[in-house]
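Colleague:
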């Protein structure tokens, strides 16, 4: 089995970097950082400034913007940290698959971090339309058969609350519900705000 990351067997001291507690490690798309000692947290923030922790990482772990689609992607040192910069071979199919899984988990984590079910649901609909939607005459069709219970479980909410908010969205013209649990996200302005 080929390794997940294509890494040089003998990292040089040129690639080693040192960071102090609370310092921000640059999050680049072409490199990842392997933590040699210390600990970091990866995080982002919502539109309202709320900080969302995406993970806590320690010695041996690999972090970096190349593994995330979340913007901004911040790597903050929780202690003094020693890292090695490594180029990431994005041509490797396993790396692509791994990065896609991490990106999806982070995006859902951020969506669930909003304070109200209305905001979470709107962000989730925008995300679903971006990933699974197709353009139809009156908006973006989310052609997934997700029940209200499925959506409630994704958002850590209740079916009753999700049903109420979906009804409100329908009354406001944000969505149109179709048979077999399909939804059209109608309002393009809302769609762009949600993504």
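Residue numbers (the working numbering): 9 to 203.
Positions of the beta carbon are idealized from the N, C-alpha and C atoms, including for glycine.
All of these numbers come straight from a predicted model, not from anything done at the bench.
1) Spatial neighbours of residue 167 within its chain, please: C-beta separation below 7 Å, excluding the five flanking residues on both sides.
2) Quick check on residue 154: does DSSP put it in helix, strand or coil?
3) Between which two residues does the alpha helix (DSSP H) harbouring residue 179 extend?
4) Identify which residue in 64, 110, 165 has its Cα closest to the Cα of residue 126.
5) Report the residue ranges of all alpha helix (DSSP H) runs contained in full by the region 114 to 143; include only those spanning at least 4 residues, in chain order.
6) Please check the pair residue 54 and residue 78, which I expect to be a contact at CB under 8 Å, by giving their CB distance rounded to whole angstroms.
7) Would residue 36 and residue 88 be called neighbours here (beta carbons separated by less than 9 Å)?
8) Kindly list the residues whose CB is nearer than 7 Å to the CB of residue 137, restricted to its own chain and excluding five residues on each side of it in sequence; keep chain order.
Modeller: Answer, in terms of the structure:
1) Translated into the one-based positions of the chain shown, residue 167 becomes position 159. Cβ neighbours of residue 167 beyond the five flanking positions: 156, 157, 160.
2) What you label residue 154 is simply residue 146 of the chain shown in a count that begins at 1. Here residue 154 sits in coil by DSSP.
3) Here residue 179 corresponds to residue number 171 of the chain shown, with the count starting at 1. Segment 167 to 179, the alpha helix (DSSP H) holding residue 179.
4) One-based indexing of the chain shown puts residue 126 at position 118. Comparing Cα-Cα distances from residue 126 to each of 64, 110, 165, the minimum goes to 165.
5) Every unbroken stretch of the alpha helix (DSSP H) spanning 4 or more residues and falling wholly within the region 114 to 143 is given here in chain order: 125 to 140.
6) For this step, residue 54 is matched to residue 46 along the chain shown. For this step, residue 78 is matched to residue 70 along the chain shown. At roughly 11 Å, the Cβ-Cβ gap does not stay under 8 Å, so residue 54 and residue 78 are not in contact.
7) Counting from 1 along the chain shown, the entry for residue 36 is found at position 28. Counting from 1 along the chain shown, the entry for residue 88 is found at position 80. In terms of Cβ geometry, residue 36 and residue 88 do not form a close pair [threshold 9 Å].
8) Numbered from 1 along the chain shown, position 129 holds the residue referred to as residue 137. So the qualifying residues of the chain are 148, 150, 193, 199.
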